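So the sequence shown is numbered by UniProt numbering: it starts at 1 and just counts up by one. All residues carry an ideal CB built from backbone N, CA and C; glycine is no exception. This one's a predicted model, so the numbers in the text were calculated from it and none came from an experiment.
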Amino acid sequence: MAKLDLRVRLLGRVLKRFSVAGKSEARIRAEQKLSVRHNPVTDFMLGGLAAGVDVINDTAAGSGVRIPVRIYRPAQTAESLPLVVFMHGGGWTFGTLNVYDGIASTIARDARAVVVSLAYRLAPAHPWPAAVEDCYAAMLEVSERAAEWAADARRLAVVGDSAGGNLAAVLTLLARDRSGPALSFQGLVYPATDLTMGSASIEENANAPMLTKQDMLRYRSLYAPQAEDYTNPCASPLLAPDHSRLPPALIQVAEHDPLRDDGLRYADALRAAGVPVRVTTYVGMPHGYLGFPRVFRSAPQALAELAAELHRHLAPENVLHPRPEGA
1 MAKLDLRVRL LGRVLKRFSV AGKSEARIRA EQKLSVRHNP VTDFMLGGLA AGVDVINDTA
61 AGSGVRIPVR IYRPAQTAES LPLVVFMHGG GWTFGTLNVY DGIASTIARD ARAVVVSLAY
121 RLAPAHPWPA AVEDCYAAML EVSERAAEWA ADARRLAVVG DSAGGNLAAV LTLLARDRSG
181 PALSFQGLVY PATDLTMGSA SIEENANAPM LTKQDMLRYR SLYAPQAEDY TNPCASPLLA
241 PDHSRLPPAL IQVAEHDPLR DDGLRYADAL RAAGVPVRVT TYVGMPHGYL GFPRVFRSAP
301 QALAELAAEL HRHLAPENVL HPRPEGA
């Protein structure tokens with residue numbers, strides 16, 4: 001594997017103090033209440049809001065509740081744009097709309113799309129399948145309300161990173177099996193796809209910066225406390241019995257990531273089912289690199305690739321007049 005550069009190693013050391021491994025539920029619940037606000041330091045680290053994007057705060061249906069959502073739309077354009085539903089990472093336990101402003105707004109600007117970021121309910125107060133059902137219910141409402149934001153629900157995609165990538169993959173299964181909404185694309189960034197932790201990279205990168213095997217075990221225990229749920233396809237989309245008739249995918253993975261093979265194995269499963277897949281392994285990168293565009297050298301390239309794939313797959317000529325299968 002490529003050597004980790006100095007920036008990766010230094011940030012990994014700094015963030016090690018925030019590791020979830022060994023933290024009590026009481027401490028985790030207390031940390032969830034902490035607010036990450038925009039300021040010069042956090043905006044430098046996390047990217048901040050992209051220029052030229054309008055932002056609206058709203059709510060959408062969750063599973064029996066209303067959840068906060070944030071809508072990003074390129075400014076000064078009246079044209080109907082494609083719609084992207086975005087799920088943040090954070091081990092189903094952390095992550096906020098503010099923390100992901102940089103990623104979501106950059107996708108909106110560069111993919112020329114309306115992006116709706118979902119603040120689904122978090123574990124441990126709301127274990128699996130609360131996040132899944134929140135995101136599915138919100139996706140349904142968002143697609144129905146697309147015209148409010150001059151978006152075209154016929155050009156609909158899901159995107160997520162890490163735990164959000166897990167949720168995005170699960171939504172494609174639910175949309176297929178629950179008869180909608182129709183999805184044109186899925187963007188999965190270092191997704192968790194197998195809660196049984198059957199990927200060889202988990203041991204290979206057990207002590208990697210940003211995410212360790214012990215972190216993964218703790219996140220899993222918080223999100224899915226019942227071991228019998230690990231094999232449910234709505235928790236582990238890799239283990240679904242059928243991956244056919246799912247939307248084309250971009251899967252981005254990081255070389256120094258315990259979850260690397262979760263993404264690669266999921267790509268293999270999709271290909272075997274006839275789903276078009278593009279896979280990119282970002283060499284020398286750890287888990288979570290996309291969230292630090294001014295620190296990790298591959299983050300801008302990965303975001304640009306994601307935006308370009310969204311723009312291509314959600315173009316009117318590709319969605320409203322799809323190419324023949326196999327073309």
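A Cβ-Cβ distance of about 18 Å is found for the pair Val170 and Gln252, leaving them out of contact under the 8 Å criterion. Of the candidates Glu133, Ser63, Asp161 and Asp229, Asp161 places its Cα closest to the Cα of Thr96. CA-CA distance, Ala60 to Tyr120, rounds to 10 Å. Taken atom to atom, the span from the alpha-carbon of Arg7 to that of Gly102 is near 20 Å.
Between Leu195 and Tyr230, the C-beta spacing is below 9 Å.
In this structure, Cys234 is the residue among Cys234, Ala50, Lys16 and Ala2 with its C-alpha nearest to the C-alpha of Pro127. Phe292 carries a coil assignment under DSSP once its states are collapsed to helix, strand and coil.
For Thr42, the enclosing alpha helix (DSSP H) starts and ends at Pro40 to Leu46.
With a contact defined as Cβ atoms closer than 8 Å, Leu118 and Ile56 miss out at about 14 Å.
It is roughly 45 Å from the alpha-carbon of Glu141 to the alpha-carbon of Lys3.
Taking all protein chains shown into account, Thr77 has fewer than 16 neighbouring C-beta atoms within 10 Å of its C-beta and is therefore exposed. The shortest C-alpha to C-alpha distance from Glu31 to any of Phe292, Arg70 and Ala123 is the one to Ala123. Residue burial annotation: Pro181 is buried, with at least 16 other C-beta atoms found within 10 angstroms of its C-beta.
Shortest Cα-Cα distance from Tyr282 to any of Ser298, Ala269 and Asn207 involves Ser298. Cβ-Cβ distances below 7 Å link Ala153 to Leu83, Ser143, Ala146 and Pro181 in the same chain, with the five nearest sequence neighbours on each side left out; the list follows chain order.
Pairing Ala208 with Gly12 gives a Cβ-Cβ distance under 9 Å. Note on geometry: alpha-carbon atoms of Tyr219 and Ala227 lie some 13 Å from one another. 9 Å or more divides the Cβ of Gly198 from the Cβ of Ala168. Within the same chain, Cβ atoms closer than 7 Å to the Cβ of Ala224 are found at Pro127, Trp128, Leu195, Tyr230 and Ala235, the five residues on either side in sequence being excluded. DSSP assignment within the segment 79–122 yields the following whole alpha helix (DSSP H) runs of 4 residues or more, N-terminal first: 101–111. By the CB criterion at 9 Å, Val277 and Pro241 fall outside the cutoff.
Cβ-Cβ separation between Val53 and Arg109: approximately 5 Å, consistent with a contact (criterion under 8 Å). The Cβ neighbour count for Gly22, taken over all protein chains shown within 10 Å, is under 16; the residue is labelled exposed. By the C-beta density criterion, Val41 is exposed, having fewer than 16 other C-beta atoms within 10 angstroms. Rounded to the nearest angstrom, the gap between the Cα atoms of Ser244 and Val14 is 42 Å. Nearest in C-alpha terms to Trp149, of all of Ala26, Arg178, Arg27 and Val115, is Val115.
For His311, the secondary structure class from DSSP, reduced to helix, strand or coil, is helix.
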